[in-house]
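Reviewing the structure listed below.
Numbering (this note's numbering), first residue to last: 7 to 757.
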């Protein structure tokens, strides 16, 4: 296929900045801090691990306004489309979700932290389990530390691909007001944002600091009709990959035994219907082919069908309308020279409206007598068929998804003896999502009755009575609600045990008690299995039920940093996690840093990791859908869009991993840095489900995943998460940076 890349062409409309601020002080050259990937404080350039740091000034210069946009500047990030793109999830499971994905290992294998501690995962059940980046206000970020290495030995689960740690501003005073607006040349995807940041109190003199950020965003949707690369794409590129088997006018799927289907074909052909001059001879046909009412519906002759296909890519949404607001506050009290109390509060809400193509609807048991009034020539048959139709008279589907996130942290930092530090905190985070039907959804059973009685025309405009019936069946109500929480008590102590030739033997000991909960509440309408577009049409699959789960996690860890000499340092970490209902895992990690000269640093690491299955993977409610495109089933012997069911698997085991990295950093001249890092990750017991195409192409091997209609063999495909084998990935990270030269208007550099 010939794909054309596209870009959002932005035009900046306004920028306002009233800066009366004192930024966080620059770290002293010899100040030791905690760097993501280690609990032992060290100089920023002493780590043996590949950590990319994005500072506040880098964020300001890049023009990004959200945490999700920020990740697009990270080379190791395989992040999905920003701002909750509509085309990334057409099943409705996790609309409104922006997750981080390092190394392409999946959102569930990338750990996102805020000030070194966890947030609650996005609550809506689906294929990914991770933190919604929409909840983190970009205006609050002082820097982002990206550990591009496995870190289960330090942070536990979810860190196989790496860690992204958003660190907020510290000891900030002043007021900063910013606004941003942008648009696109072809329309859609406009953005307007406003940020107010303020802080007061100096820790060194006032012994306290309070800082807060309010971030407001308004995003305009973008329809496929606004982009030429979709509207002008060659039709052959869409067949069969972007066609639905439920078009308008409707397809007819012949029903019953082979003898009954043959009689139906004979009646259709006897009435004089032909497709390109040839009689019909397939199970799914369209009596208006090859006309098919283009451009929305097209004739899919190139894949050998006698039916029409609905080109939903020409009638879909790329980005949704969204309104987002987030607030973050942090307060610090310097009790004395050795003790500091702190508190953090995060509140965020995102309201996103998704628009999809009209409802694809399948109704069986429709007699020809109900269809004949709307056909050019009546068909003389007393049997019934299945109608596969795009319900355009009900309008485009739209859902309003609301996500509410919050986090509260209360903690203490301090020091004792001469060079020992401690930290402890209580952390409670929650995320709640609500999905509401807004338009295009309707009561299925009543719609089916109207179709079977002849009140609704599946081939064209219905009568006034038919339109009135459709309007009376519309559903505008809450569909589902989910809530997830993470509550944790953590503590650690760090210090030095002895002096080695290269410096102090550093040690860190810590532990965490954590409880995770997940609650899913379907509406009565959803449970009734009577919502067109959100129901089980086969009658063979489990019903949607409410779930309410929780689990406790106990973790302990230790870390050593041993500077063997001035040039060589070894690092070792070990962590044990015990997951209720899942099992336990112990993971070591070894790091090495060798600096043979001031201009060269060699670094290496090796370790193991694990990822506990998420609540969604273990207990997600059943969801119903269809294959994403026309697929061929050799048993049914036809190209079709087949029904699917997604189910959880409570018997899943954790994923396990091995990883190693080796890199070199060279500074050939002052202010110029070059680095090369090789990384290699192998996962086993990978949690995944099979593709629909894979299952249908191997019907004997995967017979357990297929349920067939006993009359004609029409398949329903089961998609269930399982531990499915191994995944290996490796690559090179190349980085070059030049600090540049200072000028009266700023420093010019490159990276």
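Even for Gly, the Cβ is constructed at its ideal location relative to N, Cα and C.
- DSSP places residue 118 in the strand class (E or B) of the three-state scheme.
- For the beta strand (DSSP E) assignment, the uninterrupted runs of no fewer than 3 residues enclosed by the region 690-729 are, from N- to C-terminal side, 712-714 and 721-726.
- Comparing alpha-carbon positions, the option among 158, 630 and 396 lying closest to residue 257 turns out to be 396.
- The beta carbons of residue 290 and residue 644 sit closer together than 8 Å.
- Assignment of residue 534 by DSSP, reduced to helix, strand and coil, places it in the coil class.
- For the set 403, 369 and 373, the Cα lying nearest the Cα of residue 393 is the one of 369.
- In this structure the region 120-132 touches the region 157-173; the number of beta carbon pairs closer than 8 Å is three or more.
- Cβ contact annotation for residue 68 (same chain, cutoff 7 Å, sequence separation greater than five): 79, in chain order.
- In this structure, the beta-carbon distance from residue 102 to residue 407 falls below 8 Å.
- Residue 229 counts as buried, since no fewer than 16 other beta carbons sit within 10 angstroms of its beta carbon.
- Per DSSP, reduced to three states, the secondary structure at residue 154 is coil, with no helix or strand assignment.
- The region 456-469 and the region 491-500 do not touch, with fewer than three beta-carbon pairs separated by less than 8 Å.
- According to the DSSP assignment, residue 732 belongs to the beta strand (DSSP E) that extends over 732-749.
- Less than 8 Å divides the Cβ of residue 316 from the Cβ of residue 253.
- Within the DSSP bridge table, the entry for residue 616 names 662 as partners.
- In its chain, beyond the 5 residues on either side, 260, 286 and 287 have a beta carbon closer than 7 Å to the beta carbon of residue 271.
- Between residue 155 and residue 611, the C-beta gap is smaller than 8 Å, which places the two residues in contact.
- By the neighbour-count criterion, in which a residue is buried when 16 or more other Cβ atoms sit within 10 angstroms of its Cβ, residue 677 is exposed.
- Here the alpha carbon of residue 302 sits roughly 50 Å from the alpha carbon of residue 161.
- Around the CB of residue 740, fewer than 16 other CB atoms lie within 10 Å, so the residue is classed as exposed.
- If you draw a straight line from the Cα of residue 748 to the Cα of residue 675, it comes to about 17 Å.
- Per DSSP, the continuous alpha helix (DSSP H) segment holding residue 623 begins and ends at 621-625.
- One thing to note: residue 581 has its Cβ within 8 Å of the Cβ of residue 563.
- Here residue 284 carries a strand assignment [DSSP, helix/strand/coil].
- Annotated as proximal: residue 232 and residue 194, with beta-carbon spacing under 8 Å.
- A Cβ-Cβ distance of about 14 Å is found for the pair residue 433 and residue 411, leaving them out of contact under the 8 Å criterion.
- Check the Cα spacing between residue 530 and each of 484, 125 and 560: the tightest is with 484.
- Cβ neighbours of residue 555 within its own chain (closer than 6 Å, five residues either side excluded): 524, 621 and 625.
- Residue pairing of residue 224 in beta bridges, as defined by DSSP: 198 and 329.
- In the assembly as shown, residue 113 is a buried residue. Its beta-carbon has 16 or more other beta-carbons within 10 Å.
- Going by beta carbons, residue 313 and residue 306 fall inside the 8 Å limit.
- By the beta-carbon neighbour count (other beta carbons within 10 angstroms, threshold 16), residue 604 is exposed.
- The count of Cβ pairs closer than 8 Å, one atom from the region 143-152 and one from the region 413-433, stays below three, leaving the stretches out of contact.
- A residue is called buried when at least 16 other Cβ atoms come within 10 angstroms of its Cβ; residue 445 meets this threshold and is buried.
- C-alpha of residue 750 to C-alpha of residue 588: approximately 60 Å in a straight line.
- The criterion of a C-beta distance shorter than 8 Å is not satisfied by residue 201 and residue 218.
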